[in-house]
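Visitor: Numbering (my numbering), first residue to last: 20 to 193. The beta-carbon is built from N, C-alpha and C at its ideal position, and this holds for glycine as well. Can you keep this structure in mind? I'll have questions shortly.
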């Protein structure tokens with residue numbers, strides 16, 4: 020699986036990506052809105068879970084590669100998540116903090132959004148995050164999503180849910 024944008028390549032994970040994604044997922048600042056940073060085992064399981072998702076669903080979280088340098092700068096993709104008790108298609112993303120505020124997260128999220136509406140039957144796509152995660156919900160907004168819900172969450176205290184419908188996406192394309 021490969022998706023290309025002006026500046027990025029999104030491709031399937033492999034275990035060769037371990038060191039690069041571990042640097043991101045183990046970083047305390049990057050993971051401040053999660054219960055805790057990932058250790059080596061959690062990172063290995065993250066990659067394995069996504070590889071399993073590719074086989075089961077035909078999608079998952081993909082590695083995000085900077086075209087110009089071929090550097091691994093994060094991940095972004097589509098997974099099925101439990102959001103307030105419902106199984107929903109969710110666009111998720113992690114970008115290395117040295118690349119924050121350069122538009123890479125929203126560029127990747129838009130590419131995943133477009134891929135999902137062009138290649139799946141889902142009528143809505145979601146992103147959810149801890150209420151304090153301004154970067155994450157800013158990325159969701161940049162991808163055309165609107166806040167549709169907030170709910171109490173055991174891990175996040177309060178989670179925000181952003182969504183875009185296929186109809187809204189079609190209007191964006193025009």
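Have a look at the DSSP bridge pairing and note the partners of residue 179.
Guide: Here residue 179 refers to the residue found at position 160 when the chain shown is read from its first residue. DSSP lists 148 and 169 as partners of residue 179.
Visitor: Give a yes or no on whether the C-beta atoms belonging to residue 145 and residue 181 are separated by under 8 Å.
Guide: In the chain shown, residue 145 corresponds to position 126, counting from 1. In the chain shown, residue 181 corresponds to position 162, counting from 1. Closer than 8 Å, so yes.
Visitor: Is it a yes or a no for the segment 131-146 touching the segment 105-116, going by three-plus beta-carbon pairs under 8 Å?
Guide: Contact holds: three or more Cβ-Cβ distances are below 8 Å.
Visitor: Within the same chain, show all residues whose beta-carbon is closer than 7 Å to that of residue 179, passing over the 5 residues directly before and after it, in chain order.
Guide: Within the chain shown, the letter at position 160 stands for residue 179. Answer for residue 179: 147, 148, 150, 156, 166 and 169, listed in chain order.
Visitor: Check whether the segment 126-141 touches the segment 50-66, taking contact to mean three or more Cβ pairs, one atom from each stretch, closer than 8 Å.
Guide: Short answer: they don't touch.
Visitor: Could you spell out the range, first to last residue, of the alpha helix (DSSP H) harbouring residue 38?
Guide: Sequence index remark: in the chain shown, residue 38 carries index 19 (1-based). Run containing residue 38: 37-44, per the alpha helix (DSSP H) assignment.
Visitor: So the candidates are 176, 81 and 115; which of them puts its Cα closest to the Cα of residue 47?
Guide: Taking the chain shown and counting its residues from 1, one reaches residue 47 at position 28. It is 115 whose Cα lies nearest to the Cα of residue 47.
Visitor: With the cut-off set at 8 Å, would you say residue 84 and residue 22 are in Cβ contact?
Guide: Reading the chain shown from its first residue, position 65 is the one you call residue 84. Reading the chain shown from its first residue, position 3 is the one you call residue 22. Contact: no.
Visitor: Roughly how many angstroms separate the alpha carbons of residue 124 and residue 33, rounded to a whole number?
Guide: To locate residue 124, count along the chain shown from 1; it is residue 105. To locate residue 33, count along the chain shown from 1; it is residue 14. Straight-line Cα distance between these residues: approximately 20 Å.
Visitor: Would you list, in sequence order, the uninterrupted beta strand (DSSP E) runs of no fewer than 3 residues that lie entirely inside the segment 71-133?
Guide: Listed in chain order, the complete beta strand (DSSP E) runs (minimum 3 residues) inside the segment 71-133 are 80-85, 90-102 and 105-114.
Visitor: On the DSSP bridge assignment, give the partners of residue 28 in chain order.
Guide: For the purposes of this step, residue 28 is taken as the residue at position 9 of the chain shown. Answer is 23 and 84.
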